[in-house]
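Under the UniProt record's numbering, the first residue of the sequence shown is numbered 1, with each subsequent residue one higher.
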Amino acid sequence: MPPKTAKSSTASKREPKGKGLQPRDDSEDELDVPPQETNSNGQDEAPPTTDPSLGEATEAVDSRSLEEILGSIPPPPPPAMTNEPGAPRLMITHLVNRNFKSYAGEQILGPFHKRFSCIIGPNGSGKSNVIDSMLFVFGYRAQKIRSKKLSVLIHSSDKHKDVQSCTVEVHFQKIIDKEGDDYEVIPNSKFYVSRTANKDNSSNYHINGKKSTFKEVGTLLRSHGIDLDHNRFLILQGEVEQIAMMKPKGQTEHDEGMLEYLEDIIGSCRLKEPIQTLSRRIELLNEQRGEKLNRVKLVEKEKNALEGEKNKAVDFLTLENDIFKYKSQLYQYYVHDLQKRVMDKEQEKQKILEETKELTEKNAKISEEMEKMNQELKNVEKKQNKINKYIETQKEKFTQLDLQDVEVREKIKHSKSKSKALQKQLEKDQKKLEEVRGIPASSEQAISEATARKEDLEKQKGKEEEKLKEVMESLKEETSGLQHDKETKEKELMELSKAVNETRSQMDLAQSELDIYLSRHKTALTQLNTAKQTLQTTSDTLQERRPAITELQVKIPLTEQELKKDQEELGQLMKMDNDARHVVRELQQKVDEAKSSLSSNRSRGKVLDALMQLKKSGKIPGIYGRLGDLGAIDEKFDVAISSCCGALDNIVVDTIDTAQKCVTFLKEQNIGVATFIGLDKMKVWEKNMTPIRTPENSPRLFDMVRVNDESVRPAFYFALRDTLVAQDMEQATRMAFQKDRRWRVVTLKGQIIEMAGTMTGGGRVLKGRMGSSIGTEVSQEELDRMESKLNEKVSKLQGCQERRLQLEENVQRLQPQLREMKNTLEKYTNSMSSLADQETHLKLQIKELEANVLAAAPDKAKQKQMEKSLEAFKKNFESASSKAGKVENEVKRLHNLIVDINSHKLKAQQDKLDKINKELDDCSSVITKAKVAIKTADR
1 MPPKTAKSST
11 ASKREPKGKG
21 LQPRDDSEDE
31 LDVPPQETNS
41 NGQDEAPPTT
51 DPSLGEATEA
61 VDSRSLEEIL
71 GSIPPPPPPA
81 MTNEPGAPRL
91 MITHLVNRNF
101 KSYAGEQILG
111 PFHKRFSCII
121 GPNGSGKSNV
131 IDSMLFVFGY
141 RAQKIRSKKL
151 SVLIHSSDKH
161 KDVQSCTVEV
171 HFQKIIDKEG
181 DDYEVIPNSK
191 FYVSRTANKD
201 NSSNYHINGK
211 KSTFKEVGTL
221 LRSHGIDLDH
231 NRFLILQGEV
241 EQIAMMKPKG
251 QTEHDEGMLE
261 YLEDIIGSCR
271 LKEPIQTLSR
281 RIELLNEQRG
291 EKLNRVKLVE
301 KEKNALEGEK
311 NKAVDFLTLE
321 NDIFKYKSQL
331 YQYYVHDLQK
341 RVMDKEQEKQ
351 KILEETKELT
361 EKNAKISEEM
371 EKMNQELKNV
381 EKKQNKINKY
391 IETQKEKFTQ
401 LDLQDVEVRE
411 KIKHSKSKSK
421 ALQKQLEKDQ
431 KKLEEVRGIP
441 ASSEQAISEA
451 TARKEDLEKQ
461 KGKEEEKLKE
471 VMESLKEETS
481 GLQHDKETKE
491 KELMELSKAV
501 NETRSQMDLA
511 QSELDIYLSR
521 HKTALTQLNT
531 AKQTLQTTSD
541 TLQERRPAIT
551 ELQVKIPLTE
561 QELKKDQEEL
571 GQLMKMDNDA
581 RHVVRELQQK
591 VDEAKSSLSS
601 NRSRGKVLDA
611 LMQLKKSGKI
621 PGIYGRLGDL
631 GAIDEKFDVA
641 ISSCCGALDN
651 IVVDTIDTAQ
661 KCVTFLKEQN
671 IGVATFIGLD
681 KMKVWEKNMT
691 PIRTPENSPR
701 LFDMVRVNDE
711 SVRPAFYFAL
721 RDTLVAQDME
731 QATRMAFQKD
741 RRWRVVTLKG
751 QIIEMAGTMT
761 GGGRVLKGRM
771 GSSIGTEVSQ
781 EELDRMESKL
791 NEKVSKLQGC
801 QERRLQLEEN
811 VQRLQPQLRE
821 MKNTLEKYTN
831 SMSSLADQET
841 HLKLQIKELE
851 ANVLAAAPDK
861 AKQKQMEKSL
871 EAFKKNFESA
881 SSKAGKVENE
891 VKRLHNLIVD
901 INSHKLKAQQ
911 DKLDKINKEL
921 DDCSSVITKA
931 KVAIKTADR
């Protein structure tokens with residue numbers, strides 16, 4: 001069955017209660033999202049307010065203009081499935097049912113006609129199941145498909161008992177109508193939508209066989225003109241009669257009749273709320289018009305009654321104006337001259353204010369930096385204190401460990417030195433013992449080798465002598481006399497050499513015996529001298545440290561007392577310094593504000609001075625003062641409020657009567673003119689002072705003002721109203737011209753946009769008309785006293801800071817000094833016991849060594865006898881050596897004579913013989929020394 005056009009559609013979004021088509025139940029299928037009821041704008045539709053009691057409140061809130069109300073009316077809903085002649089449209093080609101209700105297996109219904117198709121058959125043949133299959137695909141509840149749940153839709157019969165799911169496919173295509181029943185299919189426009197229901201009452205959708213969601217299916221069908229929101233494409237049986245039986249109009253607001261039904265279909269219900277709103281507004285405006293008209297008539301009557309008095313007053317004022325006109329001409333010259341002076345003074349004042357502001361800003365910056373640095377200093381000091389405590393604890397532990405280490409090191413050092421000495425002595429003795437043990441064997445070997453060598457040399461000497469004799473025989477005739485003398489002397493020299501060797505051996509043996517006899521005594525004496533030197537060093541150390549310990553024991557408490565005193569004074573000074581800084585900052589701020597206030601008072605003229613003097617005298621106590629002096633604002637908004645608030649120079653009084661007294665006083669004294677604000681007339685503004693919503697959440701200038709007396713706040717609202725503050729002109733323009741209302745906006749640079757649309761700016765920047773703090777009137781004497789007090793506090797603060805720096809240096813100097821003294825004292829104290837023990841031990845050791853020296857002392861008689869024997873051997877050796885030397889010299893002389901005579905014949909042979917003789921002497925010497933060494937080693 002093809003979808004119907006708008007001409008045949010009678011169903012709508014709003015149906016009779018309990019009847020008609022409804023979207024499917026979302027609880028039956030978790031995959032789908034049911035279509036929501038929306039208005040023609042696609043937004044959620046809220047029911048209009050029908051409570052008459054809410055009309056006034058609604059009108060009070062709804063302050064939109066007529067254009068805005070008309071602009072808020074949503075557009076009419078578009079008609080479903082309408083298209084121009086010859087334009088493409090959608091049609092259903094056929095349906096495919098698989099196991100759906102009475103259709104077992106796969107059943108294809110179609111093809112359908114492009115305009116009209118009819119399904120006929122007897123009751124119970126399944127005609128309604130065709131419509132049900134379409135409703136199933138379009139996502140309706142199971143109850144609307146004449147079933148309690150989705151699983152009931154699955155075909156069940158004797159031949160097909162266990163079917164798990166059912167599926168319905170609706171196939172579409174786009175066509176262009178031609179004459180008659182003919183049409184043209186648009187290429188690539190065919191698609192189909194299917195839905196499958198499972199045994200577990202769940203279902204899922206597919207588009208062209210691809211799994212999808214109901215939302216995507218609805219979007220696709222709506223894009224082709226199928227209205228799922230208002231159900232205008234399907235009319236079920238019974239609905240026509242139901243619609244025809246509806247009442248013409250609903251009896252109550254919540255009832256629905258034919259009128260409401262048709263309005264909902266054609267979309268005119270969207271005009272209902274604007275019509276009601278405009279009707280209520282017309283009623284309110286008529287009431288206001290009547291009220292204003294009555295007031296105009298009453299005022300007109302009063303005006304007519306006062307016409308005569310007005311004419312008299314006009315005549316009087318005309319004459320008075322003439323007088324003032326002539327006086328004005330007289331005063332113009334003075335005014336012109338004074339204006340020039342004022343301009344000059346204003347320029348000077350402006351320069352002074354700029355300089356003052358710069359200094360104030362610098363002072364504020366410096367103060368902020370000082371506060372930050374003080375805070376950082378406090379944090380650093382806290383960290384430093386924690387670190388110092390940790391360091392002190394660790395240093396105490398280190399000191400104890402260091403002292404223990406010193407004591408142990410002293411003991412180890414003493415033990416090592418003693419061990420080294422003993423080890424050296426042991427090694428020396430062992431080495432000497434090994435040497436002594438090896439001496440006899442090596443000496444015996446040397447004796448045997450020397451003896452064997454001597455025998456060989458003697459044999460060789462005999463041969464050489466024979467050769468020499470042969471040479472001498474040949475030369476005997478020439479040197480017979482000399483040769484005879486030489487042989488005689490050589491025989492004598494041999495006897496003497498033998499004596500020299502024997503005396504040398506005796507002398508060396510005696511010397512070795514004496515050294516061995518005295519060596520034990522010398523070793524003990526050396527050990528005794530070493531121990532005495534160590535004892536002397538230890539005693540000197542003890543003597544040095546005893547007075548040092550006494551001095552430290554006296555010095556440490558004094559240093560601790562001094563350090564504690566400085567730390568306490570430093571703590572007090574730090575507290576005083578912080579307090580003094582705070583006081584100086586407050587005094588500086590008060591002095592700056594007093595200077596600014598005094599300068600402002602001087603520039604305001606004599607009118608305000610006269611009035612404030614009048615207040616101080618008590619004649620008119622109801623004067624509060626200048627409006628700008630009764631409040632304060634941040635410097636950021638100074639230019640803004642000075643530029644846009646002309647009433648800051650107005651005088652605030654408690655009542656209008658007080659203002660009249662002030663005006664009378666100024667007239668009588670001919671001081672000048674002033675504008676007054678009576679607080680009794682300002683109460684009407686209190687209801688407007690509550691916070692309001694502003695464009696872009698920008699601040700309201702009135703909310704930025706601070707006051708001490710809340711009673712003067714309405715006066716500030718009277719002067720500022722709802723003026724907003726913008727950062728720049730662009731933001732100000734954006735905020736001023738809103739759709740719902742216009743705003744008065746001022747920028748931070750003093751540019752103003754009035755509600756009427758006029759803009760002001762570009763001239764001289766005004767500032768300083770309201771301070772950043774609320775002050776009181778200050779005289780020059782009070783200002784001088786405040787400056788004197790400030791200078792005194794600053795001087796004290798500087799002295800405090802100098803003393804603080806001095807104390808910090810003392811504390812930093814004394815802390816490490818005290819730590820060092822404590823460490824030294826503890827080190828000396830702990831080392832005293834080890835040094836005393838060492839001294840006692842050395843004294844005992846010296847006694848033992850002295851006993852050893854005495855025990856090892858040689859026998860004087862025996863030592864003298866050995867020394868006497870050694871001297872005798874030395875004399876014998878020297879005597880034998882002297883005689884042998886003389887003979888040897890004579891032999892050499894004779895030999896040289898013989899050599900000179902027969903040098904060319906005897907020299908070579910004689911050199912050989914001399915060499916052999918020398919080697920023989922060496923062998924005899926080795927044998928002698930080896931024998932002495934053997935005797936010494938045996939001893």
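Cβ coordinates follow ideal geometry from the N, Cα and C atoms, glycine included. Keep in mind the model is a prediction, meaning the values are calculated, not measured.
If only uninterrupted beta strand (DSSP E) runs of at least 3 residues are considered, none is enclosed by the segment 761–836.
In the DSSP assignment, glycine 757 falls outside any beta strand (DSSP E) and carries neither an H nor an E. Between the segment 171–183 and the segment 148–162, the count of Cβ pairs shorter than 8 Å is below three; the stretches do not touch.
With a threshold of 16 other beta carbon atoms within 10 Å, cysteine 118 falls short and is exposed.
Taking 7 Å as the cut-off, the beta carbon of glutamate 216 is found no closer than this to the beta carbon of serine 194. For methionine 866, same chain residues with a beta-carbon under 8 Å away, outside a window of 5 residues either side, are Ala510, Glu513, Leu514, Tyr517 in chain order. Within the model, the alpha-carbon separation for arginine 504 versus aspartate 837 is close to 53 Å. Where methionine 91 is concerned, the enclosing beta strand (DSSP E) starts and stops at 89–100. In this chain, valine 217 is not harboured by any beta strand (DSSP E); it is covered by the alpha helix (DSSP H) spanning 214–223. By the Cβ-count criterion, asparagine 708 is exposed, with fewer than 16 other Cβ atoms from all chains shown falling within 10 Å of its own Cβ. Annotation: the continuous alpha helix (DSSP H) that includes aspartate 132 extends over 127–137. Under the criterion of beta carbons closer than 8 Å, phenylalanine 172 and serine 133 do not qualify as touching, at roughly 15 Å.
Inclusion of alanine 524 and valine 853 in the CB contact set at 7 Å is warranted, their separation being smaller than that value. In terms of Cβ geometry, isoleucine 447 and isoleucine 846 do not form a close pair [threshold 7 Å].
Taking the Cα of valine 408 as reference, the smallest distance to any Cα among Leu535, Gln527, Ser831 is reached at Ser831. Bridge partners of arginine 626 according to DSSP: Ile651.
Per the coordinates, the alpha-carbon of valine 712 lies some 29 Å from the alpha-carbon of glutamate 696. Assignment of beta strand (DSSP E) within the segment 430–459, counting only whole runs of 3 or more residues, yields no such run.
In the DSSP assignment, the residues bridged to glutamine 173 are Met91.
Burial check for tyrosine 261: the Cβ neighbour count within 10 Å reaches 16 or more, so the residue is buried. By the 16-neighbour rule on beta-carbons within 10 angstroms, glycine 672 is exposed. Within a 10 Å sphere around the beta-carbon of asparagine 791 sit fewer than 16 other beta-carbons, which makes this residue exposed. When secondary structure is reduced to three states using DSSP, isoleucine 207 falls in the strand class. Three or more beta-carbon pairs drawn from the segment 486–501 and the segment 878–888 are found closer than 8 Å, and the two stretches are therefore classed as touching.
Bounds of any beta strand (DSSP E) do not take in alanine 674, whose DSSP letter is neither H nor E. As a beta-bridge residue in DSSP terms, arginine 706 pairs with Ala632. Boundaries of the alpha helix (DSSP H) harbouring serine 642: 638–644, taken from the DSSP string.
Glutamate 358 and glutamine 660 have their C-alpha atoms roughly 42 Å apart.
DSSP, reduced to helix, strand and coil, places cysteine 662 within a helical segment of the structure shown. Residue burial annotation: leucine 293 is exposed, with fewer than 16 other C-beta atoms found within 10 angstroms of its C-beta. Counting only the Cα atoms, arginine 741 lies some 59 Å from aspartate 200. Contact between methionine 770 and glycine 628 holds, since their C-beta atoms are separated by about 5 Å, short of 8 Å.
Contact check between the segment 324–344 and the segment 545–560: fewer than three CB pairs, one atom from each, fall below 8 Å, which does not count as touching. Contact between alanine 732 and isoleucine 753 is confirmed by a C-beta separation of about 5 Å, below the 8 Å threshold. A residue is called buried once 16 or more other Cβ atoms fall within 10 Å of its Cβ, and lysine 383, having fewer, is exposed.
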